[in-house]
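All the letters of the sequence shown, read from the start, carry residue numbers 73 to 387 under this note's numbering.
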Amino acid sequence: MTLYIARESSKLWKRICAETTTEFTLLAQSWKYLLAGLICQYIHGLAAHGVHYIHRPGPVLQDAGFFLLPELGQDKSYISETLFTFIFLSFILWTFNPFIFKSKKIYTVLLWCRVLTFLAASQMLRIITFYSTQLPGPNYHCREGSKLARLPPPESVLEVLLINFPRGTLYGCGDLIFSSHMIFTLVFVRTYQKYGTQRCIKQFAWLLAVIQSFLIVASRKHYTVDVVVAWYTVNLVVFFIDKKLPDCPDRTNGAVALLLPITTKDKDSKTKEENHKLLNGNSGDPVDWRPRTQGNGKILEDGNTLHADSRMNGA
73 MTLYIARESS
83 KLWKRICAET
93 TTEFTLLAQS
103 WKYLLAGLIC
113 QYIHGLAAHG
123 VHYIHRPGPV
133 LQDAGFFLLP
143 ELGQDKSYIS
153 ETLFTFIFLS
163 FILWTFNPFI
173 FKSKKIYTVL
183 LWCRVLTFLA
193 ASQMLRIITF
203 YSTQLPGPNY
213 HCREGSKLAR
223 LPPPESVLEV
233 LLINFPRGTL
243 YGCGDLIFSS
253 HMIFTLVFVR
263 TYQKYGTQRC
273 IKQFAWLLAV
283 IQSFLIVASR
293 KHYTVDVVVA
303 WYTVNLVVFF
313 IDKKLPDCPD
323 RTNGAVALLL
333 PITTKDKDSK
343 TKEENHKLLN
353 GNSGDPVDWR
363 PRTQGNGKIL
373 EDGNTLHADS
383 RMNGA
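Take a look at the structure:
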């Protein structure tokens with residue numbers, strides 16, 4: 073038993089080392105895109121913090137979800153955050169599964185490049201919408217009479233830039249349309265839907281996304297419109313951007329490719345190569361079994377020379 077554990081531990085360590093080497097190679101090529109995605113996350117947090125300064129508490133707006141779903145109450149609002157934390161951490165752990173498991177379908181670096189692209193595009197749209205119109209926040213700390221509903225004017229630029237994470241994220245007001253929690257949830261679920269392997273987990277993930285939507289409204293963290301807009305906006309953003317990005321390489325072929333599309337120079341080289349093959353009558357295959365008609369009316373097939381006229385006369 074001890075020998076078996078030692079052998080398996082050695083295999084696992086070799087697998088982790090090999091995967092780390094591969095991922096570092098990809099990281100050296102794609103670190104700029106990862107850094108840009110992380111910067112967009114900070115800009116989104118900065119914008120959400122900034123809108124809190126101009127938030128004005130007021131009566132909670134009439135909302136269909138508030139009529140249909142019973143209010144969880146301030147003491148149970150943690151349920152929504154607990155589920156979101158579970159989804160968030162589960163997805164992060166799954167993206168690192170190639171380091172542990174033998175069945176590898178994704179490259180962690182390339183996958184996070186795609187995820188951060190989806191998040192950045194959705195969050196830029198979100199910034200535009202919640203700065204366009206500020207609604208009175210329905211959350212408990214955003215209502216009239218709460219000391220957290222309005223932020224005092226900042227005393228320095230540094231106070232704004234630090235964004236007071238994570239307290240500023242948990243107790244922010246004004247950044248309503250559309251829900252940031254649903255952006256992360258839907259991006260993660262759609263990514264696993266495409267690159268995950270377990271069908272039951274995919275179905276369970278979509279179920280959690282629906283439950284998360286109801287819990288957000290029931291805990292009065294967002295209006296129903298914030299959740300509804302997130303559902304169709306994020307799905308459309310992911311759909312169209314996913315069409316533009318090259319797909320992650322298939323690991324079964326051992327291929328490692330860059331995230332970005334090939335450059336114009338690469339495209340021109342590829343086009344010239346294809347034209348050269350067509351002019352030379354070579355399709356690029358090692359063996360081309362198609363019959364070819366020559367200029368003298370003969371058909372060459374499998375190395376045998378036959379007259380076309382003889383075939384037509386039945387000879």
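Where is the CB? At the ideal position from N, CA and C, for every residue including glycine.
Taking contact to mean at least 3 C-beta pairs separated by less than 8 Å, is the stretch 198-214 in contact with the stretch 125-138?
yes
Taking a contact to mean a Cβ-Cβ separation below 8 Å, would you say leucine 279 touches cysteine 185 in this structure?
no
If I measure Cβ to Cβ from leucine 258 and keep anything under 8 Å in the same chain, skipping five residues before and after, which residues do I get?
Hits under 8 Å: Ala281, Ala302, Trp303, Val306, Asn307 and Val310.
Could you give the uninterrupted runs of the alpha helix (DSSP H) lying entirely in the stretch 142-183, keeping only those of 4 residues or more?
Listed in chain order, the complete alpha helix (DSSP H) runs (minimum 4 residues) inside the stretch 142-183 are 150-167.
Considering Cα atoms alone, identify which of Ser251, Asp319, Val299 and Ala290 is closest to phenylalanine 138.
Ala290
Hey, could you find the ends of the alpha helix (DSSP H) asparagine 307 is sitting in?
296-316
Just to confirm the assignment, what range does the alpha helix (DSSP H) spanning proline 273 have?
Checking the sequence, you will find isoleucine at residue 273 rather than proline. Run containing isoleucine 273: 271-290, per the alpha helix (DSSP H) assignment.
Taking only three categories from DSSP, how would you classify histidine 116?
helix
Just tell me which of Cys245, Ser285, Ser251 and Gly268 has its CA closest to the CA of valine 123.
Cys245
Around the C-beta of glutamine 113, are 16 or more other C-beta atoms found within 10 angstroms, so that it is buried, or is it exposed?
exposed
Can you tell me whether serine 45 is buried or exposed, with buried defined as 16 or more other CB within 10 angstroms of its CB?
Residue 45 lies beyond the residue range present for the chain, which begins at 73 and ends at 387; the question has no answer from this structure.
Whole angstroms is fine: what's the gap from leucine 183's alpha carbon to aspartate 319's?
10 Å
Does DSSP classify cysteine 245 as helix, strand or coil?
Note: cysteine 245 maps to coil in three-state DSSP.
Ignore the nearest five residues each way along the sequence and tell me which others in glycine 391's own chain have a CB closer than 6 Å to its CB.
Limits of the chain in this structure are 73 at one end and 387 at the other, which puts residue 391 out of reach.
Which class does valine 132 belong to by DSSP, given the choice of helix, strand or coil?
coil
Note down, one range per segment and in chain order, each beta strand (DSSP E) of at least 3 residues found wholly within the stretch 77-127.
none
Is the stretch 214-224 touching the stretch 193-200 in the sense that three or more CB pairs, one from each, lie closer than 8 Å?
no
Near glutamine 277, which residues of its chain fall below 6 Å by C-beta distance, leaving aside the five closest residues on each side in sequence?
Going by the sequence as given, residue 277 is alanine instead of glutamine. Correct list, in chain order: Val261 and Tyr264.
Please state the DSSP three-state secondary structure of glycine 137.
helix
Quick one: what does DSSP say glutamate 231 is sitting in, helix, strand or coil?
helix
Take phenylalanine 25 as the anchor and find which of Gly217, Phe158, Ser218 and Lys316 has the nearest alpha-carbon.
This structure cannot speak to residue 25, because the chain is shown only from 73 to 387.
Compute every distance between the C-beta of leucine 258 and the non-hydrogen atoms of the ligand ZN, then say whether any falls below 7 Å.
By its list of ligands, the structure shown contains no ligand whatsoever, and the ligand ZN lies outside what it can speak to.
Taking the CB atoms as reference points, tell me whether leucine 248 and aspartate 298 lie closer together than 8 Å.
yes
If you draw a straight line from the C-alpha of lysine 316 to the C-alpha of leucine 99, how long is it?
21 Å
Check for me: the alpha helix (DSSP H) holding serine 252 runs from which residue to which?
252-267
In angstroms with no decimal places, state the Cα-to-Cα distance between leucine 144 and phenylalanine 286.
11 Å
Measuring CA to CA, which of Ser102, Ile172, Glu95 and His127 is closest to lysine 86?
Ile172
Would you call serine 204 buried or exposed, if buried means 16 or more other Cβ atoms sit within 10 Å of its Cβ?
Serine 204 should be labelled exposed.
Do the CB positions of serine 152 and isoleucine 288 come within less than 8 Å of each other?
yes
To the nearest angstrom, how far is the alpha carbon of leucine 234 from that of leucine 140?
38 Å
Applying the criterion that 16 or more other CB atoms from any shown protein chain within 10 Å of the CB defines a buried residue, is phenylalanine 312 buried or exposed?
exposed
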